[in-house]
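Per numbering that gives the first Met the number 0, residue 0 is the first one in the sequence shown, and the count goes up by one each step.
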Amino acid sequence: MEIVSLIGCKDYEYDQLKTCIKETFENLGGIEKYISRGETVLLKVNLLMKKRPEEATTTHPKFVKALADELIDYGAKVIIGDSPGGPFNKKILQGIYSICGYEEIAKDLPVVLNYNTNSVEISNEEGLILKRIKGIEVLKEVDKVISVSKLKTHGMMLFTGAVKNMFGIVAGLEKAEYHVRMPNNVDFSNALVDICLAAKPILSFMDGIVGMEGAGPSGGDPREVGVVIGSTSPYHLDVAATTIIGIEPTKVPTIERCVERELCKGNFEDIELKGENIEKFIVNDFVVPEIRSLDLLEGKIPKFLRDILNGLLQPKPVFMHDQCIGCRDCANNCPPRVIEMVNKKPMVNLDECIRCFCCQELCPVQAVHIYRPLLMKWLAKL
Ligand code: SF4
Ligand code: SF4
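In structure tokens, the structure reads:
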């Protein structure tokens, strides 16, 4: 059995948040069960891109501060880090820490914001398809890792939680390579599980106070959910979090892979819930994106038909040139490099597009939309 703790927290008022984080640690058995005094802990947060805390794209800085505060009080050292979308260098990290509100944490507490942008090879014996990972070097500098994710939907993966959060231990543009090498959902979600296994988070926390619904992980809308989630297992945390936002857990590709690999059951049979009743937090009308790949119809229609439909009815990125500010972020971060800037506007070669939707994820002004044929919408509901 793995523990999942749920504590109600209506906003980011700091004293209240600190109490909720303290209670969460207690529900998980106490910090001392997992971390020794003097050890260094990496808080692996979600810093996808430069977004203000109230946009609900990144883990809220007050949430991270309260967690760091508790660990420091206990006697641990804290490093905060992520390898966001796009290139991984000091200048970009500086901009992200500043806009996302993380510089304030470092002003108030003796924490280190990671600026080490080197990468190291990490062997991954438990990996199914990734036996070696090019990870961020800071992983080798710390004794323990805690996943500190944000409760959000995700266009390609339906949901981004504690497991997908660990994709950010992969160094910089290497993440794009993984998209190219594993364009289908099953392989890619297995890779995400492999990466989580390699990172070995000792505990997982999720900022579910204000989540993101709709076109996550960056273009959706903030939605109050009011919960701090903590768990001894990232796999089990994701089962509880998806249940709260009304997604059947096994519809999420990463959770489906975890069930296949016997990392969790995909339901509450192997979860010991602590804290408040989960029913209190369930949001029945949380807006969830439509599934964007017919790969998710695997097993529901014959393969030959799925292949034909995949070719004809694939969703595709559409660039809204009237909204586009010509920043080139989509072109610079497109894994197979199929976006060309013509007169400062992006043009895509759809024949070579792998439908990873990184362009939509990283566009700072939501100028990339996903067009999905009506027939596909209907099929995806089957
Ligand atoms: S990322 Fe968005 S704003 Fe920037 S060039 Fe691409 S479409 Fe335009
Ligand atoms: S155009 Fe967009 S969806 Fe297509 S491969 Fe590039 S980043 Fe991915």
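Glycine included, C-beta positions come from ideal geometry on N, C-alpha and C.
When every heavy atom of ligand 1 is checked, does at least one fall within less than 7 angstroms of the C-beta of residue i?
i      : result
Cys329 : yes
Phe318 : yes
Val337 : no
Cys323 : yes
Ala366 : yes
Cys195 : no
Cys19  : no
Cys326 : yes
At a threshold of 7 angstroms, does residue i count as lining ligand 2 (C-beta to nearest heavy atom)?
i      : result
Arg354 : yes
Cys357 : yes
Val347 : yes
Cys333 : yes
I'd like the span of the beta strand (DSSP E) that includes residue i, first residue to last.
i      : result
Thr242 : First-last for Thr242: 233-243, but that is the alpha helix (DSSP H), not the beta strand (DSSP E).
Asp206 : 202-212
Gly274 : 270-274
Arg51  : Segment: none, Arg51 is in no beta strand (DSSP E) and carries neither H nor E.
Leu262 : Premise fails: Leu262 is in no beta strand (DSSP E) and is neither H nor E.
Would you say the beta carbon of residue i comes nearer than 7 angstroms to a heavy atom of ligand 4?
i      : result
Pro363 : What this structure holds is ligand 1 and ligand 2, not ligand 4.
At which residues does the alpha helix (DSSP H) containing residue i begin and terminate?
i      : result
Ile98  : 89-98
Pro60  : 60-73
Leu42  : No alpha helix (DSSP H) holds Leu42; the beta strand (DSSP E) holding it covers 39-44.
Val169 : Here Val169 belongs to no alpha helix (DSSP H), and DSSP marks it neither H nor E.
Asp193 : 184-198
Tyr13  : 13-26
Asp220 : Looking at the DSSP string, Asp220 is not in any alpha helix (DSSP H); the run it does join, the beta strand (DSSP E), is 220-230.
Tyr101 : 101-107
Going by DSSP, what residues sit across from residue i in a beta bridge?
i      : result
Arg36  : DSSP output for Arg36 lists no bridge partner at all.
Ile281 : Answer is none; Ile281 lacks a bridge partner.
His178 : Paired residues: none, contrary to the question.
Gly7   : Val226
Leu112 : Ile79
Lys369 : The displayed chain sequence assigns Ile, not Lys, to residue 369. Looking at the DSSP assignment, Ile369 forms a beta bridge with Pro316.
Ile2   : Glu271
_Segments assigned alpha helix (DSSP H), at least 4 residues, entirely inside the region 317-364_ = For the region 317-364, whole alpha helix (DSSP H) runs of length 4 or above, ordered along the chain, are 328-332, 357-361.
*Pick out the complete beta strand (DSSP E) segments inside the region 116-163, 3 residues or longer, and give them in chain order.*
Scanning the region 116-163 from its first residue to its last, the whole beta strand (DSSP E) runs of 3-plus residues come out as 118-122, 131-135, 143-153, 157-159.
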